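The next block holds one structure in the form of structure tokens; read it before the comments.
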Amino acid sequence: MTTMIDIIDAQKSFTMHLQGGVRLPVVRGVCFQVNAGECVVLSGPSGAGKSSILKMIFGNYRCDGGSIFVRHEGVPQNIATSEPRQILSIRRSTIGYVSQFLRAVPRVPTIDVVAEPLVATGIGRDAARERAGRLLSCLNIPERLWRLPPSTFSGGEQQRVNIARGFISDLPVLLLDEPTASLDAANRDVVIRLIDEKKRAGVAMVAIVHDDEVRHMIADRVVDVTTFAAAA
Amino acid sequence: MTDAHGTDEALLVAEGLGKSYGRLTACQDISFSLYPGEVLAIVGESGSGKTTLLQLLSAQLAPTSGRVSYRMRDGVLRDLASLGEAERRFLFRTDWGYVHQDPAQGLRMAVSAGANVGERLMAVGWKHYGRIRQTASSWLERVEIDTARIDDAPRTYSGGMRQRLQIARNLVTEPRLVFMDEPTGGLDVSVQARLLDLMRNLVSELGLAAIVVTHDLAVARLLSHRVMVMKGGRVIETGLTDQVLDDPHEPYTQLLVSSILPP
Numbered sequence: 000m001t002t003m004i005d006i007i008d009a010q011k012s013f014t015m016h017l018q019g020g021v022r023l024p025v026v027r028g029v030c031f032q033v034n035a036g037e038c039v040v041l042s043g044p045s046g047a048g049k050s051s052i053l054k055m056i057f058g059n060y061r062c063d064g065g066s067i068f069v070r071h072e073g074v075p076q077n078i079a080t081s082e083p084r085q086i087l088s089i090r091r092s093t094i095g096y097v098s099q100f101l102r103a104v105p106r107v108p109t110i111d112v113v114a115e116p117l118v119a120t121g122i123g124r125d126a127a128r129e130r131a132g133r134l135l136s137c138l139n140i141p142e143r144l145w146r147l148p149p150s151t152f153s154g155g156e157q158q159r160v161n162i163a164r165g166f167i168s169d170l171p172v173l174l175l176d177e178p179t180a181s182l183d184a185a186n187r188d189v190v191i192r193l194i195d196e197k198k199r200a201g202v203a204m205v206a207i208v209h210d211d212e213v214r215h216m217i218a219d220r221v222v223d224v225t226t227f228a229a230a231a
Numbered sequence: 000m001t002d003a004h005g006t007d008e009a010l011l012v013a014e015g016l017g018k019s020y021g022r023l024t025a026c027q028d029i030s031f032s033l034y035p036g037e038v039l040a041i042v043g044e045s046g047s048g049k050t051t052l053l054q055l056l057s058a059q060l061a062p063t064s065g066r067v068s069y070r071m072r073d074g075v076l077r078d079l080a081s082l083g084e085a086e087r088r089f090l091f092r093t094d095w096g097y098v099h100q101d102p103a104q105g106l107r108m109a110v111s112a113g114a115n116v117g118e119r120l121m122a123v124g125w126k127h128y129g130r131i132r133q134t135a136s137s138w139l140e141r142v143e144i145d146t147a148r149i150d151d152a153p154r155t156y157s158g159g160m161r162q163r164l165q166i167a168r169n170l171v172t173e174p175r176l177v178f179m180d181e182p183t184g185g186l187d188v189s190v191q192a193r194l195l196d197l198m199r200n201l202v203s204e205l206g207l208a209a210i211v212v213t214h215d216l217a218v219a220r221l222l223s224h225r226v227m228v229m230k231g232g233r234v235i236e237t238g239l240t241d242q243v244l245d246d247p248h249e250p251y252t253q254l255l256v257s258s259i260l261p262p
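Residue numbers (numbering that gives the first Met the number 0), protein chains in the order written: chain U, 0 to 231; chain Z, 0 to 262.
Here is the structure:
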């Protein structure tokens with residue numbers, strides 16, 4: 000089995016210079032691996048550092064120590080020491096991130112917001128739009144909304160647009176930060192089905208989910224983040 | 000941002016760049032490489048040396064120390080200081096664009112919009128009037144200016160239109176590198192959003208490299224792949240834009256980030 004993510008002794012703290020240099024430890028000694036076709040769910044109470052770990056894997060937060068290897072084009076790359084352009088290249092063709100909130104660019108129509116990650120990997124705009132449309136239908140976003148920018152949508156609709164955007168490409172690694180939070184039962188089931196399809200396609204996933212039932216359905220393994228607590 | 004085309008040869012390289020005026024140091028010890036298709040934002044408050052740095056990088060000012068090299072179209076990396084006047088003019092006319100904060104500085108206010116765009120084409124040897132006019136007109140459309148206004152002078156334009164016209168004038172020769180000095184400064188917020196969205200699309204469609212000076216972190220976040228934070232003439236923090244803005248390490252960067260009003 001191919002190891003897609005290999006985290007070795009990663010640690011993270013924040014130093015708040017505006018609060019008199021208070022050091023806020025987040026996690027330390029983070030060690031786990033994720034294989035292709037596997038979904039690892041991070042568990043632990045809020046504030047335990049689950050989202051921080053996802054952001055460290057994505058290269059959004061910097062590590063203070065340790066390594067985070069992600070298999071990129073067949074070669075493990077250490078995100079913790081990669082140059083900005085390497086991280087951008089890894090994000091373009093290897094790691095996708097689905098957050099709870101859509102950071103929408105003004106004026107861009109929903110269909111293009113969803114299609115954009117595919118276009119970035121070199122797929123033609125029409126083919127990308129077609130796939131975007133299929134996903135949006137799946138997630139019950141009516142076609143009359145596709146030409147509108149999502150900034151005017153309800154919170155739940157925006158979240159589903161974001162999910163479509165996150166699931167559209169064929170990236171081998173996906174990070175999911177509460178993808179089903181605040182969705183109704185029907186849409187939650189769609190997301191569970193999408194995750195299942197990704198697994199069968201060999202995608203390695205790390206997820207944060209608070210809903211026990213969803214966790215039970217998607218998790219191949221649970222990693223307890225409290226064991227990485229970085230008590231000061 | 001999605002696009003930073005992965006090439007391994009830097010387009011522009013700054014090494015130990017510095018500028019002082021007598022005892023006053025405007026910027027010092029600045030080194031970085033910019034790659035094709037990459038958008039770099041230089042952020043910091045006024046007086047931090049951003050604009051001086053932009054002028055050094057674009058060969059409008061001579062550095063006191065260090066150097067700037069640029070990869071010419073023949074693939075050779077050349078020290079800007081070693082270029083002859085003709086070569087430097089060639090860069091400015093074709094391979095580079097420079098978008099000023101005040102469009103009046105980058106446009107000729109008394110001649111028509113079409114002529115403002117067409118002039119850059121004539122400077123690189125275009126002669127056919129019909130083709131020049133047609134290209135100018137298609138660029139006006141691209142920057143969302145009604146082509147019925149092609150014969151009007153930019154002094155009759157609004158601030159946002161002028162700025163979009165300045166962008167069209169700069170991009171018409173298909174430059175590889177564009178310098179922008181506070182491109183959205185002085186515009187209404189609603190006009191800013193439209194301009195930013197337009198610039199973001201053009202930069203990624205054309206695979207442009209750009210260096211954008213801004214004090215507005217929202218502009219940096221929307222447009223740039225990478226950011227350099229300046230204070231007192233030095234680069235104090237640099238990295239991937241979302242990394243520096245979401246996980247700032249330096250006290251000054253934390254202050255800048257925490258000073259943004261929530262949307």
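Glycine included, C-beta positions come from ideal geometry on N, C-alpha and C. Every value quoted in this text rests on a predicted model; they were computed, and no experiment measured them.
Below-7 Å beta-carbon distance, residue i vs any chain U residue
| i | result |
| --- | --- |
| residue 224/Z | yes |
| residue 245/Z | yes |
| residue 186/Z | no |
| residue 162/Z | no |
| residue 35/Z | no |
| residue 3/Z | Annotation note: pLDDT 43 at residue 3/Z (below 50); position unreliable, no value reported. |
| residue 239/Z | yes |
| residue 62/Z | no |
| residue 250/Z | yes |
Under 8 Å by beta carbon: chain U residues contacting residue i
| i | result |
| --- | --- |
| residue 194/Z | Within 8 Å Cβ-Cβ: nothing; residue 194/Z doesn't reach chain U, min ~11 Å. |
| residue 30/Z | Those do not exist, as residue 30/Z stays about 14 Å from chain U at its closest Cβ, beyond 8 Å. |
| residue 257/Z | 17 |
Residue from the options whose Cα sits closest to the Cα of residue i
| i | options | result |
| --- | --- | --- |
| residue 213/Z | 223/Z, 120/Z and 205/Z | 223/Z |
| residue 155/U | 182/U, 173/U, 130/U and 145/U | 182/U |
| residue 0/U | 30/U, 203/U and 139/U | 203/U |
| residue 64/U | 81/U, 28/U, 45/U and 172/U | 28/U |
| residue 78/Z | 95/Z, 11/Z and 101/Z | 11/Z |
| residue 118/Z | 167/Z, 146/Z, 101/Z and 148/Z | 167/Z |
| residue 89/Z | 219/Z, 236/Z, 172/Z and 226/Z | 172/Z |
| residue 73/U | 222/U, 165/U, 120/U and 2/U | 2/U |
| residue 86/U | 97/U, 25/U and 70/U | 70/U |
| residue 140/Z | 113/Z, 56/Z and 155/Z | 113/Z |
| residue 32/Z | 255/Z, 220/Z, 7/Z and 96/Z | 7/Z |
| residue 100/U | 176/U, 218/U and 9/U | 176/U |
| residue 160/Z | 176/Z, 138/Z, 175/Z and 178/Z | 138/Z |
| residue 101/Z | 87/Z, 72/Z, 92/Z and 165/Z | 165/Z |
| residue 36/U | 123/U, 68/U, 18/U and 196/U | 196/U |
Interface flag, residue i vs chain Z, CB-CB below 7 Å
| i | result |
| --- | --- |
| residue 231/U | Low per-residue confidence applies at residue 231/U: pLDDT is 47, beneath 50, and the placement is therefore not dependable, though the value from the model is reported in the following sentence. For residue 231/U, the answer is no, since every Cβ of chain Z falls outside 7 Å of its Cβ. |
| residue 86/U | yes |
| residue 53/U | no |
| residue 12/U | no |
| residue 16/U | yes |
| residue 83/U | yes |
| residue 213/U | no |
Listed by chain order, chain Z residues near residue i by CB distance under 7 Å
| i | result |
| --- | --- |
| residue 105/U | 192 and 196 |
Residue i (DSSP reduced to helix, strand or coil)
| i | result |
| --- | --- |
| residue 96/U | strand |
| residue 100/Z | coil |
| residue 248/Z | coil |
| residue 14/Z | strand |
| residue 106/U | coil |
| residue 84/Z | helix |
| residue 71/U | strand |
| residue 178/Z | strand |
| residue 152/U | coil |
| residue 1/Z | The predicted model places residue 1/Z with a pLDDT of 37, which falls under 50 and marks its position as unreliable, so this point remains unresolved. |
| residue 227/Z | strand |
| residue 5/U | strand |
| residue 236/Z | strand |
| residue 44/U | coil |
| residue 253/Z | helix |
| residue 59/U | coil |
| residue 68/Z | strand |
| residue 20/Z | strand |
Where residue i meets chain Z, residues with beta-carbon distance less than 8 Å
| i | result |
| --- | --- |
| residue 60/U | 242, 245 and 246 |
Contact set between residue i and chain U, taken where Cβ atoms lie within less than 7 Å
| i | result |
| --- | --- |
| residue 254/Z | 17 |
Amino acids of chain U, ordered along the chain, whose beta-carbon sits closer than 9 Å to that of residue i
| i | result |
| --- | --- |
| residue 47/Z | Ordered by position in chain U, no residue passes the 9 Å Cβ test against residue 47/Z, which lies about 18 Å from the chain. |
The region 137–155 of chain Z: which residues have C-beta closer than 7 Å to a C-beta of chain U, in chain order? none
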